[in-house]
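Residue numbers (this note's numbering), protein chains in the order written: chain A, -2 to 119; chain B, 404 to 1287. Glycine is no exception: its CB is placed at the ideal position from the N, C-alpha and C atoms. Down below is the structure, laid out as structure tokens.
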């Protein structure tokens, strides 16, 4: 796939909301509302995406090949035909990892500068 | 989709979603609604009313933050695609852009004039409150009598609606003390003239009440232009002194760079410094009228109230001084907003040109729309494929509109450039019609206008897609490309566009034709004199040196002797003016009233009036004015001889319709002196070729010294002698200033400049319209033939001769052209009434013009359709039948 050869760097840094959406999809495909719930849950409700923001991000990530609409649907009884499921592509995963690394490096720098106090790190 | 009842909040959310682009909505709309529904029930359960408010706030914010980005992305995509399409069809793109550039350029140019001259407020403090006040004699047709000193004072004292009343008159004086004697244009004004207009000096001061007192030290205020060009913007100019009219004048201030009304002047002086304005006769004579009056409305007064107020003052004056305001005059006073007065002459011409430019744009739009339709037919396959790939109708419409918008913007940009280039020329033209022409420029409003026109244009010709694309998508898929292109509906649309192009250009051609015929008539008008090979110049004696009549007579005699001694001079004359003098053209004649011996005026009836010209004996010979009866002046008609006069044919006809005027006597000074009429000369168009000759009387210079113009008939090119003759004037008196040296031929030509420029512009617009329309006819017929190759092939196989095919195609085109021309004819009959005031001896329904234009138009249309018709007739049936 062409996306495999694509470099992740030009897409960095991601906006926090985009990163959260990628993270939400990292452990499996989800529909829109599930993504919102996952983001809110993992951030203790600090990040709450609206429908407009979420689908703006989905449109963009989709256009850039980081996510795809999944053809797999839940079992018939559980399926809601209005919902669409999204999954992370390999390229999307690559970008999410690159973004996580980028953040890690920044945190490492902050640590080297002794920006954190012990109790906070614990 | 299943219909179900939506709650109020769902309906509102759905409405808010409309802020997003259609495609985005189509992709994600239902899902977003679903997500919102889930969030809504959750918020209601967990957060109550606070939770709901928070949700709504976030929902709004999210959509309105996302929408601009989505729209922008889509626009970028559409633009990139449109550019690709334009590059792929460079000829189509170039033709469309150029056509629109002409249309938009013409409109932008004319609009910048209309905007600066007619729409912009005056560049003065609260310019809308400024009024121009005129006294008029309705019964004798004098629109502007001017004001006397007494009258100005009366109106100043008696009104209750004006915050200020100021006077103005223009003079030319000779200024000494700054190199060569220089003739300066001088505005003589009330002390508070500049305060009334709200003009503050950039150096020094303007006038003070004391400056206006009789005998006050003479002071001057310089105009910005004069200060900059003649004194290099000397910052120490205030306090410098110059001599004018034998008096020392001190410069007290410099005006800012504001347009000056009613005339551009070099310097301004208060009324006390003008020797004419401060003379005893002028101050005391209630009927010594020379001044213009301007006023400012009180903040709480309306124009209507002020008009009523002024007519009350007029009534009081009439009651108090019946001798000066007789019933037969029809004396009244009119106040008009200064802005209207300054643009009265320009308004009809500019509006006609604006309408003409609008027509050109409409024709250009129709043409581009038709071109686009033809190209759409060729793009049918591309559009069909895109539709099949899932592009929605509105998505494709948006794409196509983006293309038309880009073309319109390119056309608009080019049009703006064209307009900018043509502006100096237009400003020069407008200067003939209004003093506001100096304000003409391109500003933000003009740019916005161009932008608006470009957008409007693209919608106008782009909306053609909306008509044409609907039924073709499905048809294109089902039946293949060829079947979809020639739909009846689209053919009708093409025909309608063509007919409207023809109709509009026909109307424009009629308008231009009428103006052209009017101009030709004007050029053919016998001016009453022979303008060829006559040199004219204004000679301005330093009048303070020539205070008595014998002095003036003597200097004019010496001047003429000197000029006449040159070889190449056939005759020469001095006079108080000459016909079609560029300085006075279009103005009302200055008239004097007189009494006829033995014919006392009836009570309540005004004395007759006539324009008066003073001239030396050779005036008539020099100008080639024919003598009809009696004799003209000779050297014996001097100061000591009985006073004599010559009158023109019109005056003879008016006053002595049944008798011979020669030998009759008239008096200009209420019977103190009598002037015997010794001859009648032919009428001359003094104030414009389009204005009927007025009553005119001539007096010999030796008996009434007043000279301002030198006229010389030469054997060769008059302008080649200009330098020599100027030198002769300076030899006689070096203190004489010479201004406006021009040949009489040139003056005659200049007098026709406004109608000529209007005609040229209208003809240019009409020519453009004709060109665009004819190209449109040719293009449409060529397209129609290319669509009918197969059908023509069948006809020919069945025995149709090439001649009958030719006739068929020509007939098809001419039916449309004739229909359009018929509509244009009706439109022209309805619209050309607007031109009435601008036409000279031609009626707006002049049959000759209508016939001529019809012939030209049909000829051009025939020619344009002949080329595709001949191609149709030359089709090889065998090839045509294989054509698919």
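| Query | Result |
| --- | --- |
| Give me, in chain order, the residues of the same chain whose beta-carbon lies closer than 7 Å to that of residue 882 (chain B); leave out the 5 immediate sequence neighbours on both sides. | Annotation note: pLDDT 45 at residue 882 (chain B) (below 50); position unreliable, coordinate value reported separately. Counting only Cβ-Cβ distances below 7 Å, and skipping sequence neighbours, we find nothing. |
| Looking at residue 1050 (chain B): is its Cβ nearer than 7 Å to the Cβ of residue 999 (chain B)? | no |
| Using a threshold of 7 Å, state whether the C-beta atoms of residue 901 (chain B) and residue 1219 (chain B) are closer than that. | yes |
| Measuring straight from C-alpha to C-alpha, what distance separates residue 551 (chain B) and residue 1259 (chain B)? | 57 Å |
| Is the CB-CB distance between residue 1035 (chain B) and residue 976 (chain B) below 7 Å? | no |
| Could you spell out where the beta strand (DSSP E) holding residue 996 (chain B) opens and where it closes? | 994 to 996 |
| Per DSSP, residue 673 (chain B) forms a beta bridge with which residues? | B:592 |
| Does residue 446 (chain B) have its Cβ less than 7 Å from a Cβ in chain A? | no |
| Residues of chain C with a CB under 8 Å from the CB of residue 431 (chain B): which are they? | You won't find chain C in this structure, because its protein chains are A and B. |
| Where DSSP assigns a beta bridge to residue 1012 (chain B), which residues make up the other side? | B:996 |
| Of all the options B:422, B:665, B:696 and B:715, which has the alpha carbon lying nearest to the alpha carbon of residue 561 (chain B)? | B:715 |
| Assess contact between the region 913 to 930 of chain B and the region 1143 to 1163 of chain B, defined as three or more Cβ pairs (one per stretch) separated by less than 8 Å. Is contact present? | yes |
| Between the region 10 to 39 of chain A and chain B, which residues of the former have a C-beta closer than 7 Å to a C-beta of the latter? | 29, 30 and 33 |
| Residue 1112 (chain B) by DSSP, collapsed to three states: which one? | strand |
| Going along chain B, which residues have a C-beta under 7 Å from residue 47 (chain A)? | 461, 462, 464 and 465 |
| So, for residue 858 (chain B): in the same chain, excluding its five sequence neighbours on each side, which residues have a beta-carbon less than 8 Å away from its beta-carbon? | 808 and 811 |
| Would the beta-carbon of residue 535 (chain B) fall within 7 Å of that of residue 744 (chain B)? | yes |
| List, in order along the chain, the chain B residues whose C-beta lies closer than 8 Å to that of residue 80 (chain A)? | 434 and 437 |
| Does the count of Cβ pairs from the region 733 to 749 of chain B and the region 635 to 644 of chain B closer than 8 Å reach three? | no |
| When you compare each of B:929, B:533 and B:1093 to residue 701 (chain B) by their alpha carbons, which one comes out closest? | B:533 |
| For residue 481 (chain B), would you say it is in contact with chain A, using Cβ-to-Cβ distances shorter than 7 Å as the test? | no |
| How many Å lie between residue 105 (chain A) and residue 98 (chain A) at the Cα? | 10 Å |
| Taking just the CA atoms, how far does residue 1004 (chain B) sit from residue 1010 (chain B)? | 6 Å |
| Can you say whether residue 1016 (chain B) is buried or exposed, counting buried as having 16 or more other CB atoms within 10 angstroms of its CB? | buried |
| Identify whether residue 439 (chain B) lies in helix, strand or coil by the three-state DSSP scheme. | helix |
| Taking the alpha-carbon positions, what's the residue 53 (chain A) to residue 86 (chain A) distance? | 18 Å |
| Does residue 426 (chain B) get closer than 7 Å to chain A when you measure Cβ to Cβ? | no |
| Less than 7 Å between CB atoms is the rule here; does residue 853 (chain B) satisfy it with respect to chain A? | no |
| Counting Cβ pairs closer than 8 Å, one from the region 1163 to 1181 of chain B and one from the region 944 to 961 of chain B, do we hit at least three? | no |
| How would you call residue 480 (chain B), buried or exposed, if buried means at least 16 neighbouring beta carbons within 10 angstroms? | exposed |
| Just confirm the distance between the C-beta atoms of residue 1067 (chain B) and residue 1081 (chain B), as a whole number of angstroms; I'd bet it's less than 8 Å. | With a Cβ gap of about 10 Å, residue 1067 (chain B) and residue 1081 (chain B) do not count as contacting. |
| Hey, does residue 469 (chain B) have any beta-carbon neighbour from chain A nearer than 7 Å? | yes |
| Is it buried or exposed for residue 783 (chain B), if we count other Cβ within 10 angstroms and need 16 for buried? | buried |
| Should residue 1289 (chain B) and residue 907 (chain B) be called a contact, given that it needs their Cβ atoms to be closer than 7 Å? | Here chain B comprises residues numbered 404 to 1287, so residue 1289 (chain B) is not present and cannot be evaluated. |
| Run down chain A in chain order and give the residues with a C-beta less than 8 Å from the C-beta of residue 472 (chain B). | 53 |
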